[in-house]
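Numbering-wise, the sequence shown is residues 9 to 62 according to the numbering used here. Glycine is no exception: its CB is placed at the ideal position from the N, C-alpha and C atoms. Some notes on the structure that comes next.
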Amino acid sequence: MNLIIFGPPGAGKGTQSHYISKKYNLYQLSSGDLLRQEIEKKTELGNTIEKTIA
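This is the structure:
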């Protein structure tokens, strides 16, 4: 099962994703977390992301 939850910042996407993932034993993936990880690792992609969102 694949679910995508959209919404503006602060809408509760992460909270709802957490509840759904626990209830149905699904893996929760956050695009924001992935982007922040790349920035922290200082990869080429992370540098591009940082320049784009700064």
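Option in the options with minimal Cα separation from residue i
i: F14; options: L34, G40 and K31; result: G40
i: M9; options: S38, N33 and A62; result: N33
i: S29; options: P17, G18, L11 and P16; result: L11
Own chain partners of residue i with C-beta closer than 8 Å, once the 5 adjacent residues on each side are dropped
i: I57; result: L43, E46 and I47
i: Q24; result: I13
Residue i versus residue j: straight-line alpha-carbon distance, rounded
i: G20; j: K59; result: 27 Å
i: P16; j: I61; result: 16 Å
Close Cβ partners of residue i (< 7 Å) along its chain, the five nearest in sequence each way excluded
i: G22; result: S38
Run through the segment 12-45 for me and flag every whole alpha helix (DSSP H) of 4 or more residues, listed as ranges in chain order. The segment 12-45 contains these whole alpha helix (DSSP H) runs: 21-31.
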